[in-house]
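Numbering (the UniProt record's numbering), first residue to last: 1 to 968.
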């Protein structure tokens, strides 16, 4: 029998003993000891006190312990986030006292650590009371048994949860984790017929927009004009291969999301087809989901009409989950705790999305980053209809919902992959698209149509084909995945076995260690001739032969090091080198590997063809699950093996071919990249990119489509005086010149008064030393009173600045969050930044597009340096061949677009105010046209900028405070 747990109540005196509570910052902490005494102390002192205390109430234990320099130490904690995830699965909240209070509809605590720490018991009591009130609901049918199972594995909340459920003596049950038995089955629907082609007129789009907004909504003429312009993308196509392409630039505040939802939803409804809305960031996907609630207020209808689609690797795989549950059965295993919390979530989730859906982003952070990847099908091992959970599979359900949905929200990468392969999980390929965040189409196409022949890629293919070859891996190889399909069929077994045997030419386990050993050997024998460096026998196709893939990798690494230039290396993380001229040994090594890859490729092609032939020859006898499985297997063979092998053989041919003639525009750019980590080399490989990736984008996606709307707040470069040239540059970024008919252009200006709502400065008296940079950030963040986003070009500088400014700012009540410092991923950091309106966030410039924080929470953006393009080989070739003979202007256009995007984060409504600051005194004046009309960028000293920032934002805060009573 378990003992009765102490009460979780707010302690007002030392007579209420039994638990401790902690909120930690950098350099300081607030701690309530078991006697109810509040200690406001240093981080070091709080860390020492924790060693003598019982389990302590915290929020986000890894981040809290990290701030106390205790990361990795075994400190018993009662993490309120774990309790929140158990009591309210499928609900998200920012992982702070304020965030949990808002999620629980409680008054949020103040910003001080004292108020925050005293709120923790109130939050715990509320959660346990909610659990007690809902203990008879179907969700909580097995909750006490599940909690008991978690308690066996050390979950500190178990006795509290069991008591709240009225079953303090509940027995642990392994069945409580087997949630697949409680999930509903999806029902298959017949394939939809092709959509019709009725148009949507300008007037109809405007009318639909008015109906979505309602009669009481604020009228924005620009939004109606935008909806009318967007309707042109939904006109019937006149010629094959000639879609209607609309480029619509809509300034921030136009309301473009509802502006394109209006004609898109009307077209889908009228023509019984689907419109796919594609975004670049997860945040915008969530924002679009919110707007769709205005179109379909009824959640049941909304679920029928709309769906969010992601790649298969984003969803919970029930077979992997079953394997994970089996691995902890009957054991007191700490992994039982996160699996149980995921089991609770799986019973209520809308779609099983592990990345950015209704699963809190902080949940995997509490237990280590390796859990979720192991529970999703990230390695392409799905056996489709051969799986016992197929009829309950979240992915399959999502696929079927998307077939009949009016609006499908996806991301650029998935949409492009779907076009390349003629459908990812079925043969569904849309005819109408909306690309929001259209300024990223070029980059997304670059990623979608590039190829990498590297150690990691080739070793992954070997694992996909051959499965686990020793060790503790649970990888299921191709033979095991297809055993039921190929059983007793020699025509299928023969090519399968031939491919698996030939796959030994790919790198076996330990290839990274051998790469490091070869590097060490080269250092110890620097005088060795490159042609005489001995590599270990790596177990190739034939006994005694060197593994051909690893032989090539070693030569690529040697060339990368030989040709590297310290002044042009990517910062610490990679070394790049041109492919040509190649080392003398490389062509022969490439030829050997090419023949080895062909011995894998040809049997796989035969296997795929013979499987496909079964669909015809046995059409009268195949049941639907078997047919579906064969179709899925054929697609998987193409995507995971045949297409990569074909691409690699083409790349190996480039190694064996003469270098391209100087001055000629290449179709592809080839280069070698050596990836480096803190402990040595991580990977090496040959990379191939299209010089202009909009060529394959146009050929595979745009040309077959009937209509596309590509939209963004920043399609054009505002720094170009010739607006016709600015439009042409924007069109080149999305492939419009490769289509027969010209794009339809539309531009809607932002309704915001940037001259009144913003200020912009370039600081002239701050050097590039870390001390000076840190002092500048500290001064500016204090002047703004928080709400600052600091962007950096190097992780090391970010960390160094954070260490210098965090204690001082947090002593002033300004929390400082930092990418690559806090034990949180980017999404969680932004959620905290958005919730804690006086916090600051430091991140690399990669976070620039991932931050969308409306209101006062983001009121200052400060760049460490001008965000010039990274000077790598790919950029070098593009600035030479795609710049129209003006490479410097090419760089400046990219940089202006980045500045324009970052500036757009500041003002999201008519009441917002913001300050934009560049700490780079070398900023060229020709970049300043990036900012909207009316914005005057002034070059001033730090003290003057700080004073004006404080005065400007103080006025904003007073106006907001005055306005609040009228909004209540």
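Cβ coordinates follow ideal geometry from the N, Cα and C atoms, glycine included.
Being a predicted model, the structure only gives us computed values, none of them experimental.
query                                                                                                                                                                     : result
Let me confirm a value: residue 105 is counted as buried when at least 16 other C-beta atoms fall within 10 Å, else exposed. Which label applies?                         : exposed
Should the region 368-379 be regarded as contacting the region 95-113, the criterion being three or more beta carbon pairs within less than 8 Å?                          : no
Roughly how many whole angstroms lie between the Cα atoms of residue 314 and residue 373?                                                                                 : 9 Å
Here's the rule I'm using: 16 or more other beta-carbon atoms within 10 Å means buried, otherwise exposed. How should residue 99 be labelled?                             : buried
From residue 193 to residue 622, what does the alpha carbon distance come to, in whole angstroms?                                                                         : 23 Å
What residues are listed by DSSP as bridge partners for residue 576?                                                                                                      : 673
Using the Cβ count rule (16 or more neighbours within 10 Å means buried), how would you classify residue 300?                                                             : exposed
What separation, rounded to the nearest whole angstrom, lies between the Cα atoms of residue 93 and residue 31?                                                           : 23 Å
Report the start-end ranges of each beta strand (DSSP E) in the region 74-151 that is 3 residues or longer and not cut off at the edges.                                  : 77-79
Mind reading off the beta-carbon distance from residue 874 to residue 697? Whole number of angstroms is fine, and I expect it under 8 Å.                                  : Going by Cβ atoms, the distance from residue 874 to residue 697 rounds to 16 Å, so no, they are not a contact pair.
Using the C-alpha atoms, what's the distance from residue 799 back to residue 365?                                                                                        : 20 Å
By how many angstroms is the C-alpha of residue 61 removed from the C-alpha of residue 895?                                                                               : 39 Å
Using the beta-carbon count (16 or more within 10 Å), is residue 81 buried or exposed?                                                                                    : buried
Would you list the residues sitting across from residue 411 in a DSSP beta bridge?                                                                                        : 279
Smallest Cα separation from residue 577: which of 685, 629, 487, 617?                                                                                                     : 685
Grouping DSSP H, G and I as helix and E and B as strand, with all else coil, what is residue 941?                                                                         : coil
Would you report the Cα separation of residue 172 and residue 321, rounded to the nearest angstrom?                                                                       : 19 Å
Classify residue 617 as buried or exposed, calling it buried when 16 or more other Cβ atoms lie within 10 Å of its own Cβ.                                                : exposed
Residue 462 to residue 637, Cα distance in whole Å?                                                                                                                       : 13 Å
Within this structure, are the beta carbons of residue 952 and residue 778 separated by less than 8 Å?                                                                    : no
Tell me which residue opens and which closes the beta strand (DSSP E) that residue 595 is part of.                                                                        : Careful: residue 595 lies outside any beta strand (DSSP E), inside the alpha helix (DSSP H) at 586-617.
Is the beta carbon of residue 918 closer than 8 Å to that of residue 851?                                                                                                 : no
Please state if the CB of residue 276 and the CB of residue 449 are separated by a distance shorter than 8 Å.                                                             : no
Considering only their Cβ atoms, is the gap separating residue 247 from residue 715 smaller than 8 Å?                                                                     : yes
Is the CB-CB distance between residue 702 and residue 424 below 8 Å?                                                                                                      : no
I need the straight-line Cα distance from residue 563 to residue 596, nearest angstrom please.                                                                            : 28 Å
Spatial neighbours of residue 606 within its chain, please: CB distance less than 8 Å, with the 5 preceding and 5 following residues excluded, ordered by chain position. : 495
What residues in its chain sit with their C-beta under 7 Å from that of residue 829, if we drop five residues either side in the sequence?                                : 817, 819, 822, 841
Under 8 Å, do residue 920 and residue 863 count as touching if we go by C-beta distance?                                                                                  : yes
Looking at residue 127: is its Cβ nearer than 8 Å to the Cβ of residue 165?                                                                                               : no
Considering only residues of the same chain and omitting the five flanking positions on each side of residue 347, which have a CB-CB separation below 8 Å?                : 89, 139, 179, 182, 183
Count Cβ pairs between the region 716-736 and the region 214-229 that sit closer than 8 Å; are there 3 or more?                                                           : no
Tell me the DSSP secondary structure of residue 440 in three-state form.                                                                                                  : helix
Does DSSP put residue 249 in a helix, in a strand, or in coil?                                                                                                            : strand
Decide if residue 196 is buried, meaning its Cβ has at least 16 other Cβ atoms within 10 Å, or exposed.                                                                   : exposed
According to DSSP, is residue 56 helix, strand or coil?                                                                                                                   : strand
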